[in-house]
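In what follows, a structure is listed as C-alpha cells, so that the remarks can point back to it.
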Amino acid sequence: MKNGIIFTILLAVAGVFKLVGKIIKSLFEVLTGLVVFFGLYIPLFYLVFGLLLLGFTDFRFGGTGVYQILYYIGLGISCLAALIISIRNFFVRPLSHVFAPLRRHREEAAERASREDDREYYERGEGRRPYDRYDYDEEYRRDRRDYDDGYYGSSRRYADPAEGDPYDRNFSPRGYGEARPYPQEGYGYTRNDPRPPYRYEQGGEEQGAPYGYADRRPMQEEQERPLIYYSKRRPGVLVKEYSDRFELFEEDATGRRFIGTEYKDD
14 MKNGIIFTIL
24 LAVAGVFKLV
34 GKIIKSLFEV
44 LTGLVVFFGL
54 YIPLFYLVFG
64 LLLLGFTDFR
74 FGGTGVYQIL
84 YYIGLGISCL
94 AALIISIRNF
104 FVRPLSHVFA
114 PLRRHREEAA
124 ERASREDDRE
134 YYERGEGRRP
144 YDRYDYDEEY
154 RRDRRDYDDG
164 YYGSSRRYAD
174 PAEGDPYDRN
184 FSPRGYGEAR
194 PYPQEGYGYT
204 RNDPRPPYRY
214 EQGGEEQGAP
224 YGYADRRPMQ
234 EEQERPLIYY
244 SKRRPGVLVK
254 EYSDRFELFE
264 EDATGRRFIG
274 TEYKDD
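Per this note's numbering, the sequence shown starts with residue 14, numbered consecutively.
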C-alpha cells in the first residue's frame, strides 16, 4: 500500500514537471517569435557585444568618452533597424497580401491590352517596315528566286499521264550502261537501257493517281503565300501574315524560333 502511494506521488510530480516544461517551451517559442517579428534580435546582439566589452576591456556604461558615444550611436542604429523590421512585418506585408490579387489582375489586363494593340497594328499594316529601307525583308523581296519556301508544285504531272512521265526514260543504274558481255571485237560502248527491269508499272486503276496510289488525292494546286515582314512594335519578331492569321517568329543568334499564332477577328 505504501509503495503504491509513493509511486502515485512520483507520477504526479513527473506530470507536473512535464506540464511546467511544456509551458516554459511554449513561452520560449512565443518570446522568440516576438523578438524575430519585431526585429529585437539586432539590439539584443548589440547589448551582448557591449557586455563583452564591459567584461574584457576598460569600457564602462554611462561615460562620456569617445568609445561610449560611438557605442550609443551604434545602439541607436540597431534600435532603428528593429523599428523598420517591425513596421515591415506589422503593416507592409499584410497590406501586400491584401493588394496582391488586385496587382495580378492589373498585370493580366495590361498583357491582354498589349496583345490587342499588336493585333490591331498587324491588321492595319502599321507593323510592316517601309519597302524603301534596306533590311533583310527588302533583300528577301528583291532577290526573288524561282521557288518559295514551303510551296509545293502542282501534282498534275504525277496524276495526268498526258503531262509526261516524272521518271527519266533514259535510266541507267548508277550512270553506267546495262551489264553486257564484252564484244568479240574488243571494248566498245553499250547503249543505256531505256527501262530497267525492276521498274514499277502502274495498272489500270492506278493510272492517273499520284505516286502510284489510287486512294491518294493530288496535292492542292495553289497554296497561300504569306506576306513576310518584321514587326515595328516588337523588334526582332518576324511576321508571316495569312488571310486569317499571323504567325510570329523570334530571331536570335541561334536561329529562328516559333512564338505563336494570332488569328484575325472576323
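Glycine is no exception: its CB is placed at the ideal position from the N, C-alpha and C atoms.
Treat the numbers as computed from the prediction; the structure is a model and nothing was measured.
Residue i versus residue j: straight-line alpha-carbon distance, rounded
i: A95; j: D131; result: 49 Å
i: L40; j: P56; result: 21 Å
i: L24; j: G17; result: 11 Å
i: D257; j: E129; result: 16 Å
i: V43; j: Y54; result: 14 Å
i: L47; j: I82; result: 29 Å
i: E124; j: A113; result: 17 Å
i: V26; j: G75; result: 47 Å
i: L93; j: R116; result: 30 Å
i: A266; j: S109; result: 40 Å
i: F72; j: G78; result: 9 Å
i: P143; j: Y255; result: Residue placement at P143 is poorly supported in this model, since its pLDDT is 44, which falls under 50; the coordinates are not used for a value here.
i: P248; j: G89; result: 53 Å
i: S127; j: Y243; result: 17 Å
i: R106; j: S91; result: 21 Å
i: V292; j: E120; result: For residue 292 there is no data in the structure shown, the boundaries of the chain being 14 and 279.
i: E275; j: H118; result: 23 Å
i: F20; j: G87; result: 57 Å
i: G36; j: I22; result: With the sequence shown as reference, residue 36 is identified as Ile, and Gly is not the correct amino acid for it. Rounded to whole angstroms, I36 to I22 spans 21 Å at the Cα level.
i: I97; j: K38; result: 28 Å
i: L60; j: A122; result: 51 Å
i: R246; j: F104; result: 41 Å
i: K277; j: P239; result: 14 Å
Residues bridged to residue i (per DSSP)
i: K253; result: I241, E260
i: T70; result: In the DSSP output, where bridge partners are listed per residue, T70 has none listed.
i: D265; result: G268
i: G273; result: L261
Whether residue i touches residue j by CB criterion (7 Å)
i: F259; j: R269; result: no
i: F102; j: F58; result: Note that residue 102 is Asn in the sequence shown, not Phe. Going by C-beta atoms, N102 is not nearer than 7 Å to F58.
i: G52; j: S99; result: yes
i: K253; j: I272; result: no
i: E264; j: L251; result: yes
Test: residue i CB closer than 7 Å to a CB of chain D
i: I55; result: The structure shown contains no chain D; it holds only a single protein chain.
Assumed close pair residue i, residue j - CB separation to whole angstroms, cut-off 8 Å
i: G63; j: Y84; result: 6 Å
Counting Cβ pairs closer than 8 Å, one from the region 32 to 43 and one from the region 64 to 79, do we hit at least three?
-> no
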